[in-house]
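>
2 protein chains.
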Amino acid sequence: MERCGSRGVRYDSNTVLGKSDTRLEGKSLRLASGSSMLGGDAMAGKRPTRRDVAEKAGVAPSTVSLILGDRSEALGIAPATRQRVEDAAKALGYYPNRHIRAVRSGRTGILGLYLRSDQWGTSTGYWAAMRGALERAVSEADLQLLVHCAPEGCLTEEAFARQAGGVVDGVIILNSGQDPIANRLIETGMRAVEIGDRFSPLPYVAIDDASGVVQTMEHLAARGYRRPAFVNFQSPYEGNPRQRQEAFLEAGRRLFGEESVCLEVRDEVQALDGILALDPRPDAAVCSSDELAFGMLSLARSRGIRVPEELALVGFDCIPTLGATLTMTSVCTPMGDMARLGVQKLLDLIEGKAVAAATILPVTLFVAFRERSPSDDFDALRTAL
Amino acid sequence: MERCGSRGVRYDSNTVLGKSDTRLEGKSLRLASGSSMLGGDAMAGKRPTRRDVAEKAGVAPSTVSLILGDRSEALGIAPATRQRVEDAAKALGYYPNRHIRAVRSGRTGILGLYLRSDQWGTSTGYWAAMRGALERAVSEADLQLLVHCAPEGCLTEEAFARQAGGVVDGVIILNSGQDPIANRLIETGMRAVEIGDRFSPLPYVAIDDASGVVQTMEHLAARGYRRPAFVNFQSPYEGNPRQRQEAFLEAGRRLFGEESVCLEVRDEVQALDGILALDPRPDAAVCSSDELAFGMLSLARSRGIRVPEELALVGFDCIPTLGATLTMTSVCTPMGDMARLGVQKLLDLIEGKAVAAATILPVTLFVAFRERSPSDDFDALRTAL
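Residue numbers (our numbering), protein chains in the order written: chain R, 1 to 385; chain G, 1001 to 1385.
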């Protein structure tokens, strides 16, 4: 392995791709002046050590370890000494090595987030929203998140093997459905929770899917709709959508007196075409997700179909979307609470505390502005929220 | 610290929040049957060890370490032996401890992603999209991503101290602007790259902002617009928006022959109100981001202002958005390429290779379907993309 010099990085040239210009502006870079690695790295000696901090602060090296390692024995050390050590460490740019701390304490302060191949790499929709909620929850708990993106077609076992092995204190998985990961985690003894599915063998935080669908159906009935259809993406993973569909059929029989139609579709084109082809034609689409509802809304607009006059659309999850947040009637999934309670459940497991197997959160239907107010109400409602 | 029993988790009761129901369905949970931790943990003995694998495979424990530790000395070991060890490890559920491997090899296979308080917790927009792109890039490189969400108001140094210390092989930061994190990383000798800003002291991957704005202005001029205004969010971080504004003013003078107007706004309401209040009134808004452009589009719609007939809107970044992807004229930022090249640059730095200080990618203007085709073209274009 070739290494760069100890006080600088060599540049071959500026990389220019396409027709763009490149400016270097004579910046001088100091990089890789020391290594953050351990174990025989030739450059490791250049970083400040525990001994350097001890000398500067006038204490024993072991005192530095106690204070900077957040160890309980450090509680008895005088605040002034603690401050001196912290100041010295800051001045020298010294940070205790997390690996050594982890081997010693058995804790890394890192939670793993295992994402299936359909869950990572997204920039909109439920997974992106849940990732954002988890970032907030983990940050509030003063922890970090190790995101493991399971490669497509990779055996779960193989993917999991990379996640395991002491880097994380516990693992969060999302809506595992039929994915064998949940049972695999149990087999290996890893502390783990699931956020999103109600049929997980792991302790989980989920929502009351059925209640969300029932509220939707009652809303539609109250507005005078008579023939709702349920629309769901095809997916190898079951779980919530199945529950939503069952609740839809049950509420349909009760409120509309006949067997309602359920469609399983590849995309919004198939969904809209499918609905328009039905006879009698449904007057409302209860979508299993906002992704599907927003896709259908956009497509309906482009075809001149008026929503909700000709076809009402209801989504699920109230996912924020650029410039269109709260413009879709949708079941509000409390993703922030789910993430916070999921992280708390995992931390309790890690600390050996008793946890509830199931935490199920209530949901409420949000009725879109465009359905309940003239356009000039928009600003007032926006400001109120 | 209280610990749960070795073959089960105690449950106090099911947690019920609000009015939702809770079902346990007699699931039996096996959890925490062994610990993933090292170092004096009482339960560590229950996990399979290197020795167990060696016994099952009929080899020496050191051979297990060589093979499962991906060490170069293992190259000489017969494939049949390797297979036997891997099978034994799989059967026993044994994974080599990453911390021990990291201390020995100086590599963890983990890249750090440092996110400023305005960059994490998002579920739409540029940061969510870039996070998705980075997940793809890191997964392709068979690595994992440690996401560090810097708390709001937290000193950068303090935040960084948690990130550092051997857990990551290198760090990625996004559009640091005036954030001191870039220089802090240089001081500590951590390998790091920046994705997004052209004024970083770190090796960076960025886009040709000016070219994107020039293409936008030429597009507007060709369509007969005469009074474009530039609109930008107020932000403590400078960088790309500043460059976009300068390019706007320069192109404005060249193409429209007079000083163009630039607005700095808190939100889309201020943006739209500001533009409508100008005399002469601008006929186009060149927005520094899609977030702003989509916000203005939604607000304009709710007020009955026709886009683009009364006011053209152009965004920046071509961010996918639920049900509205490719419906906004916008400068396409190649986020996937930025992420891939940023990860590659960091890996090169980690391996001590020479890297270019600057990699600047070209951009192209995407013209929204609604501006260039009757509505029935929508499906064909959608399918073609």
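We put the CB at the ideal spot given by N, CA and C, even for glycine.
By DSSP, does Pro362 (chain R) sit in helix, in strand, or in coil?
coil
> Given that Ala182 (chain R) touches chain G, what residues does it touch there, using C-beta distances under 7 angstroms?
By Cβ distance, chain G contributes nothing, its closest Cβ being about 11 angstroms from Ala182 (chain R), past 7 angstroms.
> For Asn175 (chain R), which of helix, strand or coil comes out of DSSP?
coil
> Which two residues bound the contiguous alpha helix (DSSP H) that contains Glu1246 (chain G)?
1240-1256
> According to the neighbour-count rule (16 or more other Cβ atoms, all chains shown, within 10 Å of its Cβ), is Glu194 (chain R) buried or exposed?
buried
> Examine chain G for any beta-carbon lying closer than 7 angstroms to the beta-carbon of His219 (chain R), and answer yes or no.
no
> Per the DSSP calculation, Gly1224 (chain G) is bridged to which residue(s)?
Its beta-bridge partners do not exist; DSSP assigns none.
> Mind checking who Ser1330 (chain G) pairs with in its DSSP beta bridge?
G:Gly1315, G:Phe1366
> Are the C-beta atoms of Ser139 (chain R) and some chain G residue less than 7 angstroms apart?
yes
> Pick from G:Ala1285, G:Arg1266, G:Asp1279, G:Gly1274: whose alpha carbon is nearest that of Gly1252 (chain G)?
For the residues G:Ala1285, G:Arg1266, G:Asp1279, G:Gly1274, the minimum Cα distance to Gly1252 (chain G) belongs to G:Ala1285.
> To the nearest angstrom, how far is the alpha carbon of Val64 (chain R) from that of Met1190 (chain G)?
22 angstroms
> Can you tell me the Cα-Cα spacing of Arg1227 (chain G) and Cys1262 (chain G), whole angstroms?
11 angstroms
> Which of the three DSSP states, helix, strand or coil, is assigned to Phe230 (chain R)?
The answer is strand: DSSP assigns Phe230 (chain R) an E or B state.
> Tell me the DSSP secondary structure of Glu135 (chain R) in three-state form.
helix
> For Phe1199 (chain G) and Val1343 (chain G), I'd like the C-alpha separation in whole angstroms.
Each residue's Cα considered, the two are about 19 angstroms apart.
> With three or more beta-carbon pairs closer than 8 angstroms as the criterion, would you say the region 310-319 of chain R touches the region 1281-1296 of chain G?
no
> For Gln270 (chain R) and Val307 (chain R), what's the separation of their Cα atoms in angstroms?
17 angstroms
> For a contact meaning CB atoms closer than 9 angstroms, what does Arg1136 (chain G) contact in chain R?
Trp120, Gly121, Cys149
> Which residues, in chain order, does the region 288-316 of chain R contribute to contact with chain C at a C-beta distance below 7 angstroms?
Although the question refers to chain C, the structure presented lacks it and instead comprises the protein chains R and G.
> Could you say which of G:Ala1222, G:Arg1184, G:Arg1242 lies nearest to Asp1197 (chain G) if we only look at CA atoms?
G:Arg1242
> So which residues of chain R does Ala1128 (chain G) contact, with C-beta pairs closer than 7 angstroms?
Residues of chain R whose Cβ lies closer than 7 angstroms to the Cβ of Ala1128 (chain G) are, in chain order, Ser123, Ala128, Gly132.
> If you pair each beta-carbon of the region 131-144 of chain R with each one of the region 1119-1138 of chain G, do three or more pairs fall below 8 angstroms?
yes
> With 16 other CB atoms within 10 Å as the buried threshold, where does Arg303 (chain R) fall?
exposed
> For chain R, is any of its Cβ atoms less than 7 angstroms away from the one on Val1367 (chain G)?
no
> Judging by CA-CA distance, which residue of G:Asp1279, G:Pro1320, G:Gln1178 is the nearest neighbour of Glu1291 (chain G)?
The candidate whose alpha carbon is nearest that of Glu1291 (chain G) is G:Pro1320.
> Using the Cα positions of Asp209 (chain R) and Arg244 (chain R), report the straight-line distance between them to the nearest angstrom.
6 angstroms
> Going by C-alpha distance, which of G:Val1231, G:Asn1232, G:Met1217 is nearest Tyr1225 (chain G)?
G:Met1217
> Cutting at 6 angstroms between CB atoms, please list the residues of its own chain near His1147 (chain G), excluding the five before and the five after it.
With the sequence shown as reference, residue 1147 (chain G) is identified as Val, and His is not the correct amino acid for it. Here the set comprises Leu1113.
> Restricting to Cα atoms, I'd like to know which of R:Arg184, R:Ala222, R:Gly336 is closest to Ser1123 (chain G).
R:Gly336
> Closest by CA to Ala357 (chain R), which one among R:Leu346, R:Glu351, R:Gly257?
R:Leu346
> In its own chain, which residues sit with a C-beta less than 7 angstroms from the C-beta of Val1168 (chain G), not counting the 5 before and 5 after it?
So the qualifying residues of the chain are Thr1108, Ile1110, Leu1111, Gly1112, Leu1146.
> In chain order, what residues of the same chain lie with their CB nearer than 7 angstroms to the CB of Pro1280 (chain G), ignoring the 5 residues before and after it?
Here the set comprises Arg1227.
> Kindly give me the distance between the Cβ atoms of Thr1188 (chain G) and Gly274 (chain R), rounded to whole angstroms, as I take these residues to be in contact under 8 angstroms.
Not quite, the Cβ-Cβ distance comes to about 58 angstroms (not below 8 angstroms), so this is no contact.
> Quick check: the Cα distance between Leu361 (chain R) and Leu341 (chain R), rounded to an integer number of angstroms?
Whole-angstrom Cα-Cα distance: 10 angstroms.
> So, for Asp1348 (chain G): in the same chain, excluding its five sequence neighbours on each side, which residues have a beta-carbon less than 6 angstroms away from its beta-carbon?
If we look at Asp1348 (chain G) and ignore the five residues flanking it on each side, its Cβ neighbours are Val1355.
> Tell me which residue opens and which closes the beta strand (DSSP E) that Val147 (chain R) is part of.
144-149
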